[in-house]
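Novice: One structure is given below, represented as structure tokens, and several questions about it will come after.
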Amino acid sequence: MQEADLRIQIQLEMGTGCGEAKSNNTLMEWLQALKVALHAAGAWELFITLNSYLDPAALAGNTPSPAFAMGAFLARLVRDSDCLQFRDLVSLTWYHDGVGKEYGCRDLFLGPNFELVEVPDVNSHGAFDTVLGGVDGVAHIAMNMDMNPSNQAIIEDTIKSNLQLLEAAARESSVKSVVITSSLAVCILPTLGTPYKIDPTTWNTSAIEQTAKPWDAGGNPRWRGIVLYGASKARGEQEAFAWMRKHKPAISFNTVVPNVNFGIAVSPESMSYRITSAVLDAVVKGYPAAPSILPPQWYVDVEDTALLHLGALTLDDVSDERLPAFAGKYSWTQVLEILHRRYLQKILLKLVDEPLMDAGEVDNERSIQVLKKMGKEEGFTSLEDTLVKAVDTIIENQPKNVPKTRIDLYYDSLASNSGD
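FYI, in numbering that gives the first Met the number 0 the residues of the sequence shown are 0 to 419.
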């Protein structure tokens, strides 16, 4: 596999080709951050949708399951004086035989206050009708990550999933608020070095227009899949806001628009590193191609993303809003300067070639206001503080038998081929 192909493949698996880096490990990081943040909400119950590809193989650090989207696990968290924890509702193989026994997930949320319910198809009629009883808020994090360039149905499926969730939430008297996790791809698919601007009114009209007709098999199929994903997220979000304006239910609705999330990896000895943690781990190990997987762009600390979700759910004056989870821009030159200064000789990658930088501007003032209202007076976490939290975990786990990442396997194959 060529280096460029590896980069695209990993970006597709991570979601980073579309802006936000989010898959199983990041979702666990979000859960952990939400678990902590939810204490501030008092006696409040939260319902979260998670993609069904949280399976044992993926959690163990092996090749992720190709069956990404359509099903979802619905995680239900409530506040507890000590921690937010698991309760077994249904027999899920990955939960009992995989995560629960081997991979440490149950250790993170062990006890009576975390429930799991399986919804086989979030696009089916009435998918959410029986699972929202008694909850106060709904965080719709699950998304269809199918990057098949021919899958035109992803647009209508995403719209249907969002509207069915809103309809079910509106019918449930206890539900006060719904938040949907959005994506940079909803706003734009930027090109390095090309100026752009994002604010709460920005939509990816280019992706919507490009995917108005089915694919004719022309051009780059991988890029077509990314554009189709962006269009599906944008159209799904637009239709959700339109539904709210038309029906005016007694619930608030917001979206959080994240870009690349950096954060502390959850149980790397069990789940390995994925997404941004995998790239940072590769930088620590000195793999030269690692930075190209996540080229210069805007970042956010995963805990800030979680806190924005909670603010969107619990603050009375946050309604009908799109909150950009964009803390600031990063370059790998900056990242290496920070890491070499903080970790001296422990970072093996010394230099990076970066001919182009992100040239975008993002209006994140409203998100900063929300973070402050949630008690985070400094607003977004700085790049240095975000990186140090993540890399501390990586270095602490170096003596442990952390399963290999896709990047590790790629460089292992290079070494093997060079020895033939």
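Glycine included, every Cβ here is placed at the ideal spot set by N, Cα and C.
As the structure is a prediction and not an experimental result, all values here were calculated from the model.
Closer than 8 Å by C-beta to ALA169: which residues in its own chain qualify, once you throw out the five before and the five after it? Chain order, please.
Specialist: Scanning its chain for C-beta atoms nearer than 8 Å, with the 5 sequence neighbours on each side dropped, one finds around ALA169 the residues HIS246, PRO248, ALA249, ILE250, in chain order.
Novice: With DSSP as the reference, please indicate the residues paired to GLN296 in a beta bridge.
Specialist: TYR329
Novice: Near ALA167, which residues of its chain fall below 6 Å by C-beta distance, leaving aside the five closest residues on each side in sequence?
Specialist: Only residues of its own chain outside the window of five on either side were considered, and among them PHE127, ASP128, LEU131 have a CB closer than 6 Å to the CB of ALA167, listed in chain order.
Novice: Could you tell me the alpha carbon to alpha carbon distance between ASP319 and SER266, rounded to whole angstroms?
Specialist: 36 Å
Novice: In chain order, what residues of the same chain lie with their CB nearer than 8 Å to the CB of GLN163, ignoring the 5 residues before and after it?
Specialist: VAL121, ASN122, HIS124, GLY125, ALA126, PHE127
Novice: Using the C-alpha atoms, what's the distance from TYR272 back to ASP280?
Specialist: Going from the Cα of ASP280 to the Cα of TYR272 covers about 8 Å.
Novice: Can you check which of these residues, GLN151, ILE140, ILE158, is closest to SER182 by C-alpha distance?
Specialist: Taking only the C-alpha atoms, the option nearest SER182 is ILE140.
Novice: Cutting at 8 Å between CB atoms, please list the residues of its own chain near LEU188, excluding the five before and the five after it.
Specialist: CYS17, GLY18, ASN203, SER205, ALA206, ILE225, VAL226, GLY229
Novice: For the beta strand (DSSP E) holding ILE393, just list the boundary residues, first then last.
Specialist: It is not in any beta strand (DSSP E) - ILE393 instead sits in the alpha helix (DSSP H) that spans 382-395.
Novice: Under the three-state reduction of DSSP, which class applies to TYR272: helix, strand or coil?
Specialist: coil
Novice: Determine, using beta-carbon pairs with one atom in the segment 342-361 and one in the segment 406-415, whether at least three such pairs fall under 8 Å.
Specialist: no
Novice: Checking 8 Å against the spacing of the C-beta atoms, do HIS308 and VAL387 come in under that value?
Specialist: no
Novice: Suppose contacts are defined by Cβ-Cβ distances below 8 Å. Is VAL256 in contact with LEU191 by that definition?
Specialist: no
Novice: Taking ASP420 as the reference, give the member of ALA326, ALA239, ASP316, GLY310 with the closest Cα.
Specialist: Residue 420 is absent from the structure shown; the chain starts at 0 and stops at 419.
Novice: Quick check on the burial criterion: 16 or more other C-beta atoms within 10 angstroms. Buried or exposed for ASP315?
Specialist: exposed
Novice: Alpha carbon to alpha carbon, what distance is there between SER381 and ASP303?
Specialist: 11 Å
Novice: Which whole-angstrom value is the C-beta distance of PHE261 and THR385, which I expect to be below 8 Å?
Specialist: PHE261 to THR385, Cβ: 5 Å. Contact.
Novice: Report buried or exposed for GLY41, applying the criterion of at least 16 other Cβ atoms within 10 angstroms of its Cβ.
Specialist: With a pLDDT of 47 at GLY41, under the threshold of 50, the modelled position of that residue is not reliable, and no figure is offered here.
Novice: Whole angstroms is fine: what's the gap from ASP215's alpha carbon to ALA152's?
Specialist: 15 Å
Novice: Under a Cβ-count criterion, where at least 16 other Cβ atoms within 10 Å of its own Cβ denotes burial, should GLY136 be classed as buried or exposed?
Specialist: buried
Novice: Taking DSSP's pairing of strands, which residues face ARG321 in a bridge?
Specialist: THR254
Novice: Please say whether THR275 and VAL420 have beta carbons closer to each other than 8 Å?
Specialist: In the structure displayed, the chain extends from 0 to 419; residue 420 sits before or after that span and is not available.
Novice: List the DSSP bridge partners of GLU171.
Specialist: Its beta-bridge partners do not exist; DSSP assigns none.
Novice: What is the DSSP secondary structure of PHE127, counted as helix, strand or coil?
Specialist: coil
Novice: Fully enclosed by the segment 146-232, which alpha helix (DSSP H) runs are 4 residues long or longer?
Specialist: 152-170, 204-209
Novice: Going straight from the alpha carbon of ILE394 to that of VAL369, what length do you get?
Specialist: 33 Å
Novice: Within the continuous alpha helix (DSSP H) that includes GLY359, where are the two ends?
Specialist: Looking at the DSSP string, GLY359 is not in any alpha helix (DSSP H); the run it does join, the beta strand (DSSP E), is 359-361.
Novice: Would you kindly report the start and end of the unbroken alpha helix (DSSP H) that includes GLY310?
Specialist: 301-313
Novice: Return the bridge partner residues of VAL259 from the DSSP annotation.
Specialist: TYR298
Novice: Under 8 Å, do GLU238 and THR254 count as touching if we go by C-beta distance?
Specialist: Contact flag unset, no.
Novice: Round the Cβ separation of ILE346 and VAL301 to the nearest angstrom and send it over; I've been treating them as touching at under 8 Å.
Specialist: Going by Cβ atoms, the distance from ILE346 to VAL301 rounds to 21 Å, so no, they are not a contact pair.
Novice: Just reading off the alpha helix (DSSP H) that VAL369 is part of, what are its end residues?
Specialist: 364-372
Novice: Should GLN296 go down as buried or exposed, given a rule of 16 or more other Cβ atoms within 10 Å for buried?
Specialist: buried
Novice: Let me check understanding here. Comparing Cα to Cα, which of VAL134, ASN161, SER149 lies closest to GLU171?
Specialist: VAL134
Novice: Where does ALA239 sit, in a helix, a strand or coil, going by DSSP?
Specialist: DSSP places ALA239 in the helix class (H, G or I) of the three-state scheme.
Novice: Indicate the three-state DSSP secondary structure (helix, strand or coil) for ALA288 in the structure shown.
Specialist: coil
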